[in-house]
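J.: First the structure, which I've put down as structure tokens, then a few questions once you've had a look.
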Amino acid sequence: MTEIRASSAALMQTRAAKGPRDPWSVLRWTLLAMGAIVMVMPIVYMLSASIKYPFEMYDLNIIPKEPTFENYTYVLSDGRFLRWFGNSFLIATLTTLSAVFFDALVGYALCKFTFRGRTFVFIAILSTLMIPTEMLVIPWYLMSKSFGWLDTYWGIMFPGIMTAFGTFLMKQFFETVPDDFLEAARIDGLNEFQIWWSVALPLVTPALSALAIFIFLGNWTAFLWPLIVTNSAELYTLPVGLTTFSVEQAVEWELIMTGAALATIPTLIVFLVFQRYIIRGVAMAGLKG
Amino acid sequence: MKRYRNLSIRQKQVVWAWGFLALPILFYVVIRFYPTFNAIVLSFQSWNLLGPREWVGLENYVKLWHDPVFWKVFRNTFVYLILGTPISLVLSFVIAYQLDKTRLLHGTLRALYFLPFLTSTVAMAWVWRWFYQPVPIGLFNNFLASLGFAQVNFLNSTSNALPSILIPAIWAGLGFQIIIFMAGLRAIPTSYYEAARIDGVSGWTILWEITLPLLKPTIVFLVVFSSIGFLRIFDQVFNMTTNNPGGPLDSTKPLVLMIYQTAFSSFDMGYAAAQTVVLFAILLTVSLVQLRILREKP
Chain A
35 MTEIRASSAA LMQTRAAKGP RDPWSVLRWT LLAMGAIVMV MPIVYMLSAS
85 IKYPFEMYDL NIIPKEPTFE NYTYVLSDGR FLRWFGNSFL IATLTTLSAV
135 FFDALVGYAL CKFTFRGRTF VFIAILSTLM IPTEMLVIPW YLMSKSFGWL
185 DTYWGIMFPG IMTAFGTFLM KQFFETVPDD FLEAARIDGL NEFQIWWSVA
235 LPLVTPALSA LAIFIFLGNW TAFLWPLIVT NSAELYTLPV GLTTFSVEQA
285 VEWELIMTGA ALATIPTLIV FLVFQRYIIR GVAMAGLKG
Chain B
1053 MKRYRNLSIR QKQVVWAWGF LALPILFYVV IRFYPTFNAI VLSFQSWNLL
1103 GPREWVGLEN YVKLWHDPVF WKVFRNTFVY LILGTPISLV LSFVIAYQLD
1153 KTRLLHGTLR ALYFLPFLTS TVAMAWVWRW FYQPVPIGLF NNFLASLGFA
1203 QVNFLNSTSN ALPSILIPAI WAGLGFQIII FMAGLRAIPT SYYEAARIDG
1253 VSGWTILWEI TLPLLKPTIV FLVVFSSIGF LRIFDQVFNM TTNNPGGPLD
1303 STKPLVLMIY QTAFSSFDMG YAAAQTVVLF AILLTVSLVQ LRILREKP
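Here it is, written out as structure tokens:
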């Protein structure tokens, strides 16, 4: 655990200069920079197309001769995109809050309490990691149908309100919280929920935020289940709405690119602001395996 | 309340533990275990959502075995895996290994490589779909035309469509793998490298004898993680072939898309459930075999 911490922290620093200057370093850097540019090209062209008029839409230039926001005004005009955007945001936020809360709660209970059946519960939860979502969507659909959850926010959210991955991750991180702290709080007369909430949780905030990033991103881009469970356009999430919108537009690629840009820009902004935390969080969450 | 107060600290903790776990246990039973069981049961039944559920024994599995579309889909799914996993792992390792040695604008380069991982798959599927269009629309073909090369038929050809869909899938996952590889590389103590350098070991030998063996846990994790991802590919294929999902002529159709169509276009729930059980078996086998092979001592 500490190794993971150390290495994900080390990721943030560049290796100190060592030894004689590598003659290959210029070539290496040039190739790496070219690769990086190729990597972001699709995003750049998408953004560029979204501010182009149809007449220069298919030219290879990135900076438009006549930039325009007309595509955005057109796409946003009927309010559907704002609605989908709001749906996705609401669903991803609520699901993330719920999953982080419950995963931390379960992870803590499985880590810090001793009781009969603990290992069994842990293995049972962990084993659900092996079950692919695709196997569950049909039963979930049938279940939603009989409970009237089809085409509701709850219907979109319920499969994700707790995650086995997060439970496992949080259990790992609670191992780093010394039992003495909890014992001291117990002597101070806090009950177990208060100890979890006000003593243990603040000590694992980096893990909580890493988990939150992962879960939010997963829900923000989720496609298969929202596609199955929603019927009416008012309930679509952004990815499902974008698919419908793009199929509708068919050949008006500048509008499709504008829709795609609208789905991408928010994450780009969040990434630019929290870059370091996000990369560290991903490394931390990924390395647990 | 009085009885609770009389309990020992240990006993109180047991009460709290089950209190913490009550709702989650209900969730895992109702939303994970019961549906898994239900999918398996359904795979032995025939049901079109309207009529009664009828037991048909192994009929769905027999039908699947004799379904030529299934074998095509099965092959496609494994092509996504067999091309996708090695290509993305080799690329991401090479980039991470080299990026680890650069200092100039290190953070910026890393961020640029990572960026595609944060994009929405659906949005990017449409971007790439646009790139792949024929002239005068698609960027790739316009670029080829401007250089005087012949046109390439990307998405409407039975041989090119699958690799064309695979490329964005590899592209989107690369950033994550690079970050994980770099964290793995940083975890290797520098003293190993210093000792090797003092002994005059060459760069290649260091790579093969020190770096790669020590990265084994990271490699195992990424191989399994990315294989599962490629075996479950759906979003890209669905969005890049909306006018004929999985086409042309089923040449790009992966198993998840077949499941989706069987369940939600044909409403053949039992048959679709049998396909999900097969998917589950494939995922389980591939993960276990990979763990077995990769964990073996050399």
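Chains A and B are the protein sequences, given in the same order.
So for the first sequence, my numbering puts the first residue at 35; every next one is plus one.
So for the second sequence, my numbering puts the first residue at 1053; every next one is plus one.
A virtual CB, placed ideally from N, CA and C, is assigned to each residue, including glycine.
Treat the numbers as computed from the prediction; the structure is a model and nothing was measured.
Is the region 169-187 of chain A close to the region 1056-1075 of chain B, with three or more CB pairs under 8 angstroms?
T.: Flag = no, the region 169-187 of chain A and the region 1056-1075 of chain B do not touch.
J.: For E1261 of chain B, which beta-bridge partners are listed by DSSP?
T.: Your numbering for residue 1261 of chain B matches position 209 in the second sequence. Answer is none; E1261 of chain B lacks a bridge partner.
J.: If distances are taken between C-alpha atoms only, which option among A:Q228, A:A70, A:E268, A:A241 comes closest to Q1150 of chain B?
T.: Along the second sequence, read from residue 1 onward, the residue named residue 1150 of chain B stands at position 98. When each option's Cα is compared against that of Q1150 of chain B, the closest is A:A70.
J.: Taking only beta-carbon positions, decide if A1324 of chain B is within less than 9 angstroms of chain A.
T.: Taking the first residue of the second sequence as 1, we reach residue 1324 of chain B at position 272. With 9 angstroms as the cut-off, A1324 of chain B counts as an interface residue toward chain A.
J.: Which of the three DSSP states is assigned to S1198 of chain B in this structure?
T.: Within the second sequence, the letter at position 146 stands for residue 1198 of chain B. DSSP places S1198 of chain B in helix when its eight states are reduced to three.
J.: In angstroms with no decimal places, state the Cα-to-Cα distance between S1172 of chain B and T201 of chain A.
T.: Along the second sequence, read from residue 1 onward, the residue named residue 1172 of chain B stands at position 120. Along the first sequence, read from residue 1 onward, the residue named residue 201 of chain A stands at position 167. Roughly 25 angstroms separates the two Cα atoms.
J.: Would you mind reading off the limits of the alpha helix (DSSP H) that contains S1227 of chain B?
T.: In the second sequence, residue 1227 of chain B corresponds to position 175, counting from 1. It should be pointed out that residue 1227 of chain B corresponds to Gly in this sequence rather than to Ser. From DSSP, the alpha helix (DSSP H) with G1227 of chain B extends over 1213-1238.
J.: Beta carbon of W259 of chain A, beta carbon of T167 of chain A: below 9 angstroms?
T.: Taking the first sequence and counting its residues from 1, one reaches residue 259 of chain A at position 225. Taking the first sequence and counting its residues from 1, one reaches residue 167 of chain A at position 133. Yes, the pair counts as a contact, with Cβ atoms nearer than the cut-off.
J.: Got a sec, what are the start and stop residues for the alpha helix (DSSP H) I1147 of chain B sits in?
T.: On the second sequence, position 95 is the one that residue 1147 of chain B refers to. Residues 1120-1151.
J.: With 16 as the cutoff for other CB atoms within 10 Å, does W1182 of chain B come out buried or exposed?
T.: Working through the second sequence from its first residue, we reach residue 1182 of chain B at position 130. Looking at its Cβ environment, which holds 16 or more other Cβ atoms inside 10 Å, W1182 of chain B is buried.
J.: Along the region 1096-1125 of chain B, what residues have a CB closer than 7 angstroms to any CB found in chain A?
T.: The region 1096-1125 of chain B vs chain A, Cβ under 7 angstroms: nothing.
J.: In this structure, does DSSP put I303 of chain A in helix, strand or coil?
T.: For the purposes of this step, residue 303 of chain A is identified with residue 269 of the first sequence, where counting begins at 1. I303 of chain A falls in the helix class under three-state DSSP.
J.: Is Q1097 of chain B helix, strand or coil when you go by DSSP?
T.: Counting from 1 along the second sequence, the entry for residue 1097 of chain B is found at position 45. The answer is strand: DSSP assigns Q1097 of chain B an E or B state.
J.: Listed in chain order, which residues of the region 1237-1270 of chain B have Cβ atoms closer than 7 angstroms to some Cβ of chain A?
T.: Those residues of the region 1237-1270 of chain B that come within reach of chain A (Cβ to Cβ, closer than 7 angstroms) are R1238, A1239.
J.: Determine the chain B residues that contact Q228 of chain A at a beta-carbon separation under 8 angstroms, and present them in chain order.
T.: Residue mapping note: residue 228 of chain A aligns to position 194 of the first sequence, counting from 1. Within 8 angstroms Cβ-Cβ: nothing; Q228 of chain A doesn't reach chain B, min ~11 angstroms.
J.: Quick one: residues in its chain with C-beta nearer than 7 angstroms to the C-beta of I1231 of chain B, no 5 flanking neighbours on either side, listed in chain order?
T.: Counted from its first residue, the second sequence places residue 1231 of chain B at position 179. F1166.
J.: Could you check where the alpha helix (DSSP H) with K205 of chain A kicks off and where it finishes?
T.: Along the first sequence, read from residue 1 onward, the residue named residue 205 of chain A stands at position 171. Element bounds for K205 of chain A: 198-208.
J.: Does the beta-carbon of G141 of chain A have 16 or more other beta-carbons within 10 angstroms, so that it is buried, or is it exposed?
T.: Against the first sequence, residue 141 of chain A aligns to sequence position 107. By the 10 Å Cβ count, G141 of chain A comes out buried.
J.: Can you grab the Cα-Cα spacing for the pair T1328 of chain B / Y1113 of chain B, in whole Å?
T.: One-based indexing of the second sequence puts residue 1328 of chain B at position 276. One-based indexing of the second sequence puts residue 1113 of chain B at position 61. If I take the Cα positions, the gap works out to 11 angstroms.
J.: Quick check on the DSSP output: what are the complete alpha helix (DSSP H) runs of length 4 or more inside the region 235-295 of chain A, in order along the chain?
T.: Whole alpha helix (DSSP H) segments, 4+ residues: 239-255, 258-263, 272-283.
J.: So, does the CB of K1064 of chain B fall closer than 9 angstroms to a CB anywhere in chain A?
T.: Position 12 of the second sequence holds residue 1064 of chain B. With 9 angstroms as the cut-off, K1064 of chain B counts as an interface residue toward chain A.
J.: Starting from the C-beta of A246 of chain A, find all residues in its chain whose C-beta is less than 7 angstroms away, skip the five residues before and the five after it, and write them out in chain order.
T.: Here residue 246 of chain A is taken as the residue at index 212 of the first sequence, counted from 1. Closer than 7 angstroms at Cβ, skipping near neighbours: T130, V134.
J.: Buried or exposed, going by whether 16 or more other CB atoms sit within 10 Å of the CB of K205 of chain A?
T.: To locate residue 205 of chain A, count along the first sequence from 1; it is residue 171. Label assigned to K205 of chain A: buried.
J.: On the three-pair Cβ rule with 8 angstroms, is the region 1122-1135 of chain B touching the region 1212-1224 of chain B?
T.: Yes, the region 1122-1135 of chain B touches the region 1212-1224 of chain B.
J.: Using a Cβ cut-off of 8 angstroms, pull out every chain B residue sitting near M68 of chain A, in sequence order please.
T.: What you label residue 68 of chain A is simply residue 34 of the first sequence in a count that begins at 1. Here the premise fails: no neighbours, minimum Cβ distance about 11 angstroms.
J.: Pick out the complete alpha helix (DSSP H) segments inside the region 1279-1315 of chain B, 4 residues or longer, and give them in chain order.
T.: Fully enclosed alpha helix (DSSP H) runs of 4 or longer: 1287-1292.
J.: Could you tell me which chain B residues have their CB closer than 8 angstroms to the CB of I290 of chain A, listed as they occur along the chain?
T.: One-based indexing of the first sequence puts residue 290 of chain A at position 256. Under the 8 angstroms cutoff, chain B gives W1178, W1182.
J.: Excluding the 5 residues preceding and the 5 following L1135 of chain B in the sequence, name in chain order all residues of the same chain whose CB lies nearer than 8 angstroms to its CB.
T.: Against the second sequence, residue 1135 of chain B aligns to sequence position 83. Answer for L1135 of chain B: P1215, L1218, listed in chain order.
J.: Can you check the region 93-141 of chain A for any alpha helix (DSSP H) of at least 4 residues that lies completely inside it and give the ranges in chain order?
T.: Qualifying alpha helix (DSSP H) stretches, in chain order: 104-111.
J.: Let's see if you can read the secondary structure: which residues bound the alpha helix (DSSP H) around Q1063 of chain B?
T.: Sequence index remark: in the second sequence, residue 1063 of chain B carries index 11 (1-based). 1061-1079 is the span of the alpha helix (DSSP H), which, as asked, contains Q1063 of chain B.
J.: Cutting at 8 angstroms between CB atoms, please list the residues of its own chain near F1286 of chain B, excluding the five before and the five after it.
T.: Here residue 1286 of chain B corresponds to residue number 234 of the second sequence, with the count starting at 1. For F1286 of chain B, where only same-chain residues beyond five positions count, the Cβ hits under 8 angstroms are P1306, V1308, L1309, Y1312.
J.: To the nearest whole angstrom, what separates the beta carbons of A1175 of chain B and T298 of chain A, a pair I think is in contact under 8 angstroms?
T.: The residue labelled residue 1175 of chain B in the question sits at position 123 within the second sequence. The residue labelled residue 298 of chain A in the question sits at position 264 within the first sequence. Contact holds; Cβ gap of about 5 angstroms.
J.: Name the chain B residues that come within less than 7 angstroms of T255 of chain A, Cβ to Cβ?
T.: Within the first sequence, numbered from 1, the residue matching residue 255 of chain A stands at position 221. Those within 7 angstroms of T255 of chain A in chain B are S1172, T1173.
J.: Hey, E226 of chain A and Q1063 of chain B are a contact pair by Cβ (cut 8 angstroms); roughly how many whole angstroms apart?
T.: On the first sequence, residue 226 of chain A is found 192 positions in, with the first residue counted as 1. On the second sequence, residue 1063 of chain B is found 11 positions in, with the first residue counted as 1. So it is not a contact: roughly 12 angstroms between Cβ atoms.
J.: Tell me, to the nearest whole angstrom, how far the beta carbon of A126 of chain A is from that of F248 of chain A; I am working on the premise that it is less than 8 angstroms.
T.: Stepping through the first sequence from its first residue, residue 126 of chain A is reached at position 92. Stepping through the first sequence from its first residue, residue 248 of chain A is reached at position 214. The Cβ separation is near 12 angstroms, so there is no contact.
J.: On the premise that L1283 of chain B lies in contact with L1335 of chain B, defined as a C-beta separation below 8 angstroms, what is that separation, rounded to the nearest angstrom?
T.: In the second sequence, counting from the first residue as 1, residue 1335 of chain B sits at position 283. In the second sequence, counting from the first residue as 1, residue 1283 of chain B sits at position 231. Correct: roughly 6 angstroms between the Cβ atoms.
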